[in-house]
Amino acid sequence: ESRYNPADIEKKWQQQWVDQGLDKTPATPGQKKFYALSMFPYPSGNLHMGHVRNYTITDVIARVRRMQGYNVLHPMGWDAFGLPAENAAIDRGIPPAKWTYQNIGQMREQLKELGLSYDWEREVATCSPDYYRWTQWIFLQFYEAGLAYQKEAAVNWDPIDQTVLANEQVDSDGKSWRSGAKVERKLLRQWFLKITDYADQLLADLDKLSGWPERVKTMQANWIGKSTGAHVVFSTEDGDDIKIYTTRPDTLWGASFMVLSPEHPLVEKLTTADQSDAIKAYQDMAAGMSEMDRTAENREKTGVWTGSYAINPVNEQKIPIWIADYVLMDYGTGAIMAVPAHDQRDFEFARKFDLPIQVVVQPEGEVLDAAAMEEAYPHDGVMVNSGPLDGIPAGKGKGQSVAAAIKWLTEHKKGEGTANYRLRDWLISRQRYWGVPIPMIYCDSCGTVPVPDDQLPVELPVDVEFSARGGSPLAKMADWINCKCPSCGTDAKRETDTMDTFIDSSWYFLRYADAKNEALPFEKDKADDWLAVDQYVGGIEHAILHLLYSRFFTKVLRDRNLVSIDEPFQRLLTQGMVQSMTYKNPVTGKYIAPSDVTDLNDPKDPETGDPLQVFYEKMSKSKYNGVEPRVVLDKYGADTARMFILFKAPPEKDLEWDDADVEGQFRFLNRVWLLVTGFAANQGSKARVTHVEQNSLSKTDKDLRRAIHIAIKEVSEDVEAGYQFNTAVSELMKLSNALKDAKQQDSDVYAEGIQSLVLLLAPFAPHIAEELWQQLGFSESVHRQSWPTFEQTALVADEITLVIQIKGKTRGTISVPASASKDELAQYARDSDIAKKHLEGKEIKKVIVVPGKLVNFVAI
Ligand code: ANZ
Ligand code: ZN
Numbered sequence: 002e003s004r005y006n007p008a009d010i011e012k013k014w015q016q017q018w019v020d021q022g023l024d025k026t027p028a029t030p031g032q033k034k035f036y037a038l039s040m041f042p043y044p045s046g047n048l049h050m051g052h053v054r055n056y057t058i059t060d061v062i063a064r065v066r067r068m069q070g071y072n073v074l075h076p077m078g079w080d081a082f083g084l085p086a087e088n089a090a091i092d093r094g095i096p097p098a099k100w101t102y103q104n105i106g107q108m109r110e111q112l113k114e115l116g117l118s119y120d121w122e123r124e125v126a127t128c129s130p131d132y133y134r135w136t137q138w139i140f141l142q143f144y145e146a147g148l149a150y151q152k153e154a155a156v157n158w159d160p161i162d163q164t165v166l167a168n169e170q171v172d173s174d175g176k177s178w179r180s181g182a183k184v185e186r187k188l189l190r191q192w193f194l195k196i197t198d199y200a201d202q203l204l205a206d207l208d209k210l211s212g213w214p215e216r217v218k219t220m221q222a223n224w225i226g227k228s229t230g231a232h233v234v235f236s237t238e239d240g241d242d243i244k245i246y247t248t249r250p251d252t253l254w255g256a257s258f259m260v261l262s263p264e265h266p267l268v269e270k271l272t273t274a275d276q277s278d279a280i281k282a283y284q285d286m287a288a289g290m291s292e293m294d295r296t297a298e299n300r301e302k303t304g305v306w307t308g309s310y311a312i313n314p315v316n317e318q319k320i321p322i323w324i325a326d327y328v329l330m331d332y333g334t335g336a337i338m339a340v341p342a343h344d345q346r347d348f349e350f351a352r353k354f355d356l357p358i359q360v361v362v363q364p365e366g367e368v369l370d371a372a373a374m375e376e377a378y379p380h381d382g383v384m385v386n387s388g389p390l391d392g393i394p395a396g397k398g399k400g401q402s403v404a405a406a407i408k409w410l411t412e413h414k415k416g417e418g419t420a421n422y423r424l425r426d427w428l429i430s431r432q433r434y435w436g437v438p439i440p441m442i443y444c445d446s447c448g449t450v451p452v453p454d455d456q457l458p459v460e461l462p463v464d465v466e467f468s469a470r471g472g473s474p475l476a477k478m479a480d481w482i483n484c485k486c487p488s489c490g491t492d493a494k495r496e497t498d499t500m501d502t503f504i505d506s507s508w509y510f511l512r513y514a515d516a517k518n519e520a521l522p523f524e525k526d527k528a529d530d531w532l533a534v535d536q537y538v539g540g541i542e543h544a545i546l547h548l549l550y551s552r553f554f555t556k557v558l559r560d561r562n563l564v565s566i567d568e569p570f571q572r573l574l575t576q577g578m579v580q581s582m583t584y585k586n587p588v589t590g591k592y593i594a595p596s597d598v599t600d601l602n603d604p605k606d607p608e609t610g611d612p613l614q615v616f617y618e619k620m621s622k623s624k625y626n627g628v629e630p631r632v633v634l635d636k637y638g639a640d641t642a643r644m645f646i647l648f649k650a651p652p653e654k655d656l657e658w659d660d661a662d663v664e665g666q667f668r669f670l671n672r673v674w675l676l677v678t679g680f681a682a683n684q685g686s687k688a689r690v691t692h693v694e695q696n697s698l699s700k701t702d703k704d705l706r707r708a709i710h711i712a713i714k715e716v717s718e719d720v721e722a723g724y725q726f727n728t729a730v731s732e733l734m735k736l737s738n739a740l741k742d743a744k745q746q747d748s749d750v751y752a753e754g755i756q757s758l759v760l761l762l763a764p765f766a767p768h769i770a771e772e773l774w775q776q777l778g779f780s781e782s783v784h785r786q787s788w789p790t791f792e793q794t795a796l797v798a799d800e801i802t803l804v805i806q807i808k809g810k811t812r813g814t815i816s817v818p819a820s821a822s823k824d825e826l827a828q829y830a831r832d833s834d835i836a837k838k839h840l841e842g843k844e845i846k847k848v849i850v851v852p853g854k855l856v857n858f859v860a861i
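Per the UniProt record's numbering: the sequence shown = residues 2 to 861.
Here it is in structure tokens:
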């Protein structure tokens, strides 16, 4: 007998599986298809434990489905554009493409070592021109549909390096990560995708996603942020219309001033000569501030009066028009009616600038006095001072006042009910090199002209100079920028911005269905065949943007008749974090590497001597608590790493790394190895059991067979019900113990047990299962076998004969399950005809149960 040595078998089988084309996607998915997808990684260069966990979970699902007879698509690829590659170019002079492809090569090897059953023929890299050509094509589809447009928007501007910064490059104190300069806001003309057109569908269709965690759906719903209310039109004294959005049209009679966003287009016109300087100064100040700062709670209110008035349409009152930065231009209409009695921000503003406050909602059993109020009253009550609404129950929740107000507004043609969304259009322009060039050309005579399909891809130029200063490298490449207008042929210029990398990942799951297509991003039939993704697995950090954008893309592509599905991901599993022990000095706040801690049982800071806090936290470099997949693979092999990860916690829960448990899984695989190789050596072809006749079995064989079929049943159910792989692994351990304890090694049942154990183990620890399967004498791959099914009859426990006594005298016997507990035995006896007959009219004083033998009723 040989020892279990993962290094001997894992590489060998990985190569053989490739040679056999084991993981290739079937050409036609047919009726029974399964699309298993992991969120593809950014090729940073190294796999971390979070990746290993994510991909192992999906791999087990894919492997089980294959054994269950599904045609499985299980692909992998690279989310390969993005900032780190450009930083590597700036810092180390390596071209982004070279850096990226090197990393991809490295990580691909690591994935292969894990024994993940990917169809590598469908691999995609978003930075490859074969892929981004179609990203550009899809962008042009959006443009054609009127869903891509340009407008001015603010960027983070580093005044020293003269470059645009991504949000991640701005420190929390608003300084550039590289130059340290205070970051400014600068307006640039940029491209947007009109995701707001789909806000309603994106919200409503969340209901279709029954296989998604509630938490993720709630996060998406909050992000979309639908509110309902009304548009109301106020007129200025000069007769201009100012439209406002309010969620509380019922409070219109309490609107005592208006506030416009400083960027509102009417501000200039409304500003009187006297107020002009103050307004301009205020606008300049607001322009330099971020939205976060502007809307921060408890911030002292600021603002300036325009000098003009509007007329409140419900009561013809003349009310002043102000500007203030707490009103944002891109929410609602960028203008509000202020109701200080019932809105806290308006209240603070009114108090600060001494503006009138009018109560229109009275709380029940209390009288609000505007002069004495210390804060706004936003709660329920009864409408007052509100003409036609007086006396109506008020409030957003139970009140009828909002509906009544909308009815009044509609009848009087002064407004209408409407919905509003927090969701904004998606700003996709990035002033960067390493991304998809936006395929647009600017011509002096024709304006903005899309690059014709047959000129795609607009490729990234290669000889590029990188420096942290002076903006995007593309914007400096005259040769690349200058081109001919596709429409009139005169000199024109290319757009130099590239796309947000979230666009690349918004359609990759469709490309996998037809990854090599050179004429289209994917053929409709193929996408329809494979999509939706049956199981998507990834991190909760993508709960909002990536998933929302992918849903948006899917709906637009559907509306362009490129695919038929409404939703891309049928079921979503967000796996928990991989945590590990961290050591932190509570005094200095510094993390200490475990290797620097002198005594792990009494951990102290080696420098200061302070006792250290010890707790589990997500693995990360900065906390020195990462465990390198490399180290685990070298020491134990991929199968142990997989088994540990699956065993230690249910997939959606956080997992605490524990070396002893890793070791434990290694030992378990060793036991399985000994068990199966031992059997193979002694019994050889006995393993090929195809049928066991339950009825002719001895009691010991029946008992063992029950354990086998319970394991099959439990593992199958654990896999089916929310992928409870941790309990599935426990069941495998139980089965292995039962086989180890069994004496009848030469029986058919024992052979059936060995065979079932290897089959059930196959999705979890694919290499060792394959090796053992072959040692049992089978020639076809274990991964091509059918998933075992349990026999109901094998599950039934044996029966025993139970004696029934009344006052010590035997009255008869009944048959009961051998597994029945004491209470159950008493119940079986009580329910028996024998007991009923003899106990009629008597009172039971005592019930004596001798397990496995008899029940005695003491009755008088
Ligand atoms: C009058 C009013 C009275 C309001 C009241 C609230 C309470 P949500 O629920 O988030 O949609 N608002 C509208 N547009 C705004 C903008 N561009 N910037 C800042 N605030 C804006 O919030 C809608 C409410 O936020 C609107 O309803 C408006 O204030 C304000 F007792 O109108 B309300
Ligand atoms: Zn032209």
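Backbone N, C-alpha and C define an ideal beta-carbon position, used for all residues, glycine too.
Values in this document were obtained by computation on a predicted structure and should not be read as measured data.
Using a Cβ distance threshold of 8 Å, residue 672 and residue 737 count as a contacting pair.
Residue range 834 to 840 is occupied by the alpha helix (DSSP H) that includes residue 838.
A check of alpha carbon separations from residue 141 across 852, 692, 451, 490 identifies 451 as the nearest. No Cβ-Cβ contact shorter than 8 Å links residue 441 with residue 462. Residue 833 and residue 118 have their C-alpha atoms spaced approximately 56 Å apart.
Here the C-alpha atom of residue 168 lies approximately 18 Å from the C-alpha atom of residue 296. By the Cβ criterion, the region 128 to 139 is in contact with the region 454 to 470, since at least three pairs of Cβ atoms, one from each stretch, lie closer than 8 Å. A Cβ-Cβ separation of about 7 Å places residue 537 in contact with residue 572 under the 8 Å criterion. Closest by C-alpha distance to residue 651, out of 714, 729, 614, is 729. A residue is called buried once 16 or more other Cβ atoms fall within 10 Å of its Cβ, and residue 317, having fewer, is exposed.
DSSP, reduced to helix, strand and coil, places residue 734 within a helical segment of the structure shown. In this structure, ligand 1 has no non-hydrogen atom nearer than 7 Å to the beta-carbon of residue 665.
Here residue 407 is actually not in contact with residue 336; their C-beta atoms are around 19 Å apart, not less than 8 Å.
Here residue 87 is not near residue 431, since their CB atoms are 8 Å or more apart.
By the beta-carbon neighbour count (other beta carbons within 10 angstroms, threshold 16), residue 589 is exposed. Proximity of the beta carbon of residue 489 to ligand 2 is indicated: a heavy atom of the ligand is located closer than 7 Å. Given a length threshold of 4 residues, each whole run of the alpha helix (DSSP H) inside the region 453 to 509 is given here in chain order: 479 to 482. Residue 857 carries a strand assignment under DSSP once its states are collapsed to helix, strand and coil.
Proximity annotation: ligand 1 has residues 228, 246, 247, 248, 249, 252, 328, 329, 332, 333, 337, 340, 343, 344 in chain order, each selected because its CB is closer than 5 Å to a heavy atom of the ligand. A Cβ-Cβ contact shorter than 8 Å links residue 712 with residue 735. With respect to the 8 Å criterion, residue 620 and residue 765 are not classified as neighbours on the basis of their beta carbons. Sixteen is the threshold: when 16 or more other Cβ atoms of the shown chains lie within 10 Å of the Cβ of residue 586, as they do, the residue is buried. Counting C-beta atoms within 10 angstroms of its own C-beta, residue 189 has fewer than 16 neighbours from the protein chains shown and is therefore classed as exposed. In summary, residue 784 is buried, with 16 or more beta-carbon neighbours lying within 10 Å of its beta-carbon over all protein chains present. Taking the C-beta atoms as reference points, residue 320 is found no nearer than 8 Å to residue 305. Per DSSP, residue 286 is one residue of the alpha helix (DSSP H) stretching across 277 to 288. Residue 526 is bridged by DSSP to nothing; it lacks a bridge partner. In chain order, 547, 550, 551, 553, 554 place their CB closer than 8 Å to the CB of residue 507, counting only its own chain and leaving out the 5 sequence neighbours on each side. Rounded to the nearest whole angstrom, the CA to CA distance from residue 38 to residue 722 is 18 Å. With a beta-carbon spacing of about 5 Å, residue 127 and residue 81 fall inside the 8 Å limit used to define contacts. Residues 44, 81, 86, 128 of the same chain have their beta carbon placed closer than 7 Å to that of residue 101, with the five preceding and five following residues left out of the count.
When secondary structure is reduced to three states using DSSP, residue 232 falls in the strand class.
Note that the region 517 to 532 does not touch the region 479 to 496; fewer than 3 beta-carbon pairs, one per stretch, sit closer than 8 Å.
Distances from the CA of residue 804 to each of 385, 856, 386, 796 were compared; the closest alpha carbon is that of 856.
In the structure shown, the three-state DSSP call for residue 570 is strand. The continuous alpha helix (DSSP H) containing residue 97 extends over residues 97 to 114.
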